[in-house]
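Participant: This is the structure I have questions about; it appears just below.
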DNA sequence: ACAATTTTTTAGTCTTGTCTAAATTTTATT
DNA sequence: AATAAAATTTAGACAAGACTAAAAAATTGT
Ligand SMILES: [Mn+2]
Ligand SMILES: [Mn+2]
Ligand SMILES: [Mn+2]
Ligand SMILES: [Mn+2]
């Protein structure tokens, strides 16, 4: 049984280390968790003791298979709860994260399996992020950043890279949601801004935006 | 913002002190929370500091109006989650308590209000206990212990006093649930056992059972 | 290769919530 | 009223998780 703090550290290492495949530096973890490097060192040692991470002094931490599974289970819970909040409790996609941060720590196998069934086994959360299965596996999709799409091509919004409140509200304002269709009308070489056709109207977006929207090319 | 521990203490004092109306002894709290009296003393002092309880040395603690409201809000969340688990996630009434103990600490006004609406504003939890409203008010019902019912009278099961897994499973085994109709066929003076008519069949129950079932008389 | 800078660890402290053992106060009994 | 018993508080310690300041190791720049 893990403490709330331990679960949060595992999750941070999971996200920073590409699902636990690469080693993550103390400072990177401290940054992500808004804590201090010294606190991270302490915690990594405890996690290493429990064989959830491999830790070598000055070399950062990498998840073990066991650590990876536990982290994925926390992410699974987080994303399933986000789906619940949006689909059934009238939350918008910019409101769910804080609450899911709390709900992801509820301990009950039955709860999460029944929730999964109640939601009809969703594969993605409200931000387009994949939901790990019971074994902690995610099937990776072929999404690409909008910034990569060439002029005159059509694509569909399938996710956000930045899921901050601010960005999500910006998208709402421009009526961009998961499933929205884009056509790249033109790209400006100077500042890498783009003009899209969205809902039959032109929309100019900056590189910052196109770099934070995932899309799927229409064939 | 209260810590999880503080919320649990408030809840214990609320339940032991008749919704915060009477003072509760240190030992009683320690017992209910499976902790030690010295720990309780420490915590009561902190709660008194925050003006959530009134504390006089050697005289126990009583909730303030503010403490009562906060405790009721925790109880409200606990019971709403229990309804959700039973009505939508296929939990049985003996499985919900442990999970609700965790869920009751999730902090989000919107979450609990939306959950309330999603559940269509239930007034009672799966054990027949009343759900406090947003202001922490509960409307008390005129339920009575089955042990009090006279011979030949009819009544309906509306709640349990003991909501332990063991008792709830005993009731399941005998097909007794909220809403089940009883007729008191006879009462044995010797051991105060009772013979009921339930689902058109006679059932003999001990005083322990009749003392833990709440019923409403049929007029 | 060596100095300067950055990253990471260590040492020591703090807060929260818990515990045991001892002291104190209250309550019950004679 | 005095004493015994029970309840409560105090004192001191501990574990988890955080922090600051200082030391040590790794990295970077010349
Ligand atoms: Mn999230
Ligand atoms: Mn998400
Ligand atoms: Mn309960
Ligand atoms: Mn209940």
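Chains as they are written, first to last, in my numbering: chain A, 17 to 235; chain B, 17 to 235.
Even for Gly, the Cβ is constructed at its ideal location relative to N, Cα and C.
In this text, all values refer to a predicted model and were calculated from it rather than measured experimentally.
1) Which residues have their C-beta within less than 6 Å of a heavy atom of ligand 4, listed in chain order?
2) First and last residue of the beta strand (DSSP E) that includes residue 71 of chain B?
3) At a CB-CB cut-off below 9 Å, which residues of chain A make contact with residue 197 of chain B?
4) Looking at C-alpha atoms only, which residue of A:139, A:49, A:144 and A:188 is the closest neighbour of residue 20 of chain A?
5) Contact criterion: CB-CB distance below 8 Å. Does residue 106 of chain A meet it with respect to chain B?
6) Between residue 79 of chain B and residue 30 of chain B, is the Cβ-Cβ spacing less than 8 Å?
7) If you measure between the beta carbons of residue 170 of chain B and residue 227 of chain B, is that distance less than 8 Å?
8) Between the C-alpha atoms of residue 77 of chain A and residue 34 of chain A, what's the straight-line distance to the nearest angstrom?
9) What are the start and end residues of each continuous beta strand (DSSP E) run of 3 or more residues lying completely inside the region 148 to 207 of chain A, in chain order?
10) Taking the alpha helix (DSSP H) that residue 88 of chain B belongs to, which residues open and close that run?
11) By the DSSP assignment, the beta strand (DSSP E) with residue 210 of chain B in it spans what residues?
12) Taking the continuous beta strand (DSSP E) assigned at residue 226 of chain B, which residues delimit it?
13) For residue 177 of chain A, which of A:189, A:162 and A:167 has the nearest alpha-carbon?
14) Should residue 116 of chain A be counted as a contact of ligand 1 given a C-beta to heavy atom distance under 7 Å?
15) With a threshold of 7 Å (Cβ to nearest heavy atom), would residue 113 of chain B be considered close to ligand 3?
16) Assign residue 198 of chain B to buried or exposed, taking buried as 16 or more other Cβ atoms, counted over all protein chains shown, within 10 Å of its Cβ.
17) Under 8 Å between C-beta atoms, does residue 131 of chain A make it to chain B?
18) Skipping 5 residues on each side, what residues in its chain have a beta carbon closer than 8 Å to that of residue 202 of chain B?
19) Does the region 90 to 104 of chain B come into contact with the region 38 to 47 of chain B, if we say contact requires no fewer than three beta-carbon pairs (one atom in each stretch) closer than 8 Å?
20) Residue 219 of chain B CB to nearest chain A CB: under 8 Å?
21) Buried or exposed: which applies to residue 204 of chain B, given that a residue is buried once 16 or more other Cβ atoms fall within 10 Å of its Cβ?
22) Quick one: which chain B residues come within Cβ less than 9 Å of residue 115 of chain A?
23) Could you tell me which of A:37, A:129, A:116 and A:190 sits nearest to residue 123 of chain B, measuring between CA atoms?
24) Would you call the region 83 to 91 of chain A and the region 130 to 137 of chain A touching, i.e. three or more CB-CB distances under 8 Å?
25) At a CB distance below 9 Å, what residues from the region 83 to 98 of chain B approach chain A? Give them in sequence order.
26) Return the chain-ordered list of same chain residues with a C-beta closer than 7 Å to the C-beta of residue 142 of chain A, the five sequence neighbours on each side being excluded.
Facilitator: Working from what's here:
1) Checking every Cβ against the heavy atoms of ligand 4 under 6 Å gives B:95, B:98, B:141, B:143, B:145 and B:179.
2) Position 55 of the second chain, counted from the first residue, corresponds to residue 71 of chain B. Unbroken beta strand (DSSP E) run through residue 71 of chain B: 69 to 71.
3) Translated into positions along the second chain, residue 197 of chain B becomes position 181. Ordered by position in chain A, no residue passes the 9 Å Cβ test against residue 197 of chain B, which lies about 31 Å from the chain.
4) Position 4 of the first chain, counted from the first residue, corresponds to residue 20 of chain A. Comparing Cα positions, the closest option is A:49.
5) Position 90 of the first chain, counting from 1, holds the residue named residue 106 of chain A. Chain B, which has a Cβ nearer than 8 Å to the Cβ of residue 106 of chain A, makes this yes.
6) Within the second chain, numbered from 1, the residue matching residue 79 of chain B stands at position 63. Within the second chain, numbered from 1, the residue matching residue 30 of chain B stands at position 14. Yes.
7) Counting from one through the second chain, the residue named residue 170 of chain B turns up at place 154. Counting from one through the second chain, the residue named residue 227 of chain B turns up at place 211. Not in contact: residue 170 of chain B and residue 227 of chain B (Cβ atoms no closer than 8 Å).
8) Counting from one through the first chain, the residue named residue 77 of chain A turns up at place 61. Counting from one through the first chain, the residue named residue 34 of chain A turns up at place 18. Their backbone Cα atoms lie some 13 Å apart in a straight line.
9) Listed in chain order, the complete beta strand (DSSP E) runs (minimum 3 residues) inside the region 148 to 207 of chain A are 170 to 176 and 197 to 203.
10) In the second chain, counting from the first residue as 1, residue 88 of chain B sits at position 72. Note, residue 88 of chain B: alpha helix (DSSP H), 81 to 104.
11) Along the second chain, read from residue 1 onward, the residue named residue 210 of chain B stands at position 194. 210 to 214 is the span of the beta strand (DSSP E), which, as asked, contains residue 210 of chain B.
12) Position 210 of the second chain, counting from 1, holds the residue named residue 226 of chain B. Not the beta strand (DSSP E): residue 226 of chain B falls in the alpha helix (DSSP H), residues 223 to 226.
13) Residue mapping note: residue 177 of chain A aligns to position 161 of the first chain, counting from 1. With distances taken between Cα atoms, residue 177 of chain A lies closest to A:162.
14) The residue given as residue 116 of chain A occupies position 100 in the first chain. For ligand 1, at least one heavy atom lies less than 7 Å from the Cβ of residue 116 of chain A.
15) The residue labelled residue 113 of chain B in the question sits at position 97 within the second chain. At least one heavy atom of ligand 3 is found less than 7 Å from the C-beta of residue 113 of chain B.
16) By 1-based counting over the second chain, the position of residue 198 of chain B is 182. Result: buried.
17) The sequence position of residue 131 of chain A within the first chain is 115, counting from 1. Taking Cβ atoms only, chain B reaches closer than 8 Å to residue 131 of chain A, which makes this a yes.
18) In the second chain, counting from the first residue as 1, residue 202 of chain B sits at position 186. Excluding residues within five positions, the ones whose Cβ falls inside 8 Å are 167, 210 and 211.
19) Output reads no: the region 38 to 47 of chain B does not touch the region 90 to 104 of chain B.
20) Looking up residue 219 of chain B in the second chain gives position 203. Judged by the 8 Å Cβ criterion, residue 219 of chain B is not in contact with chain A.
21) Translated into the one-based positions of the second chain, residue 204 of chain B becomes position 188. Around the beta-carbon of residue 204 of chain B, fewer than 16 other beta-carbon atoms lie within 10 Å, marking it exposed.
22) Taking the first chain and counting its residues from 1, one reaches residue 115 of chain A at position 99. Near residue 115 of chain A (Cβ distances below 9 Å), the residues of chain B are 122, 123, 124, 126 and 127.
23) Position 107 of the second chain holds residue 123 of chain B. Relative to residue 123 of chain B, the option among A:37, A:129, A:116 and A:190 whose CA is nearest is A:116.
24) Counting Cβ pairs under 8 Å, fewer than three are found: no touch.
25) Against chain A - using a Cβ distance shorter than 9 Å - the region 83 to 98 of chain B contributes no residues.
26) Within the first chain, residue 142 of chain A is the residue found at index 126, counting from 1. The answer, listed in chain order, is 98, 99, 102, 109 and 112.
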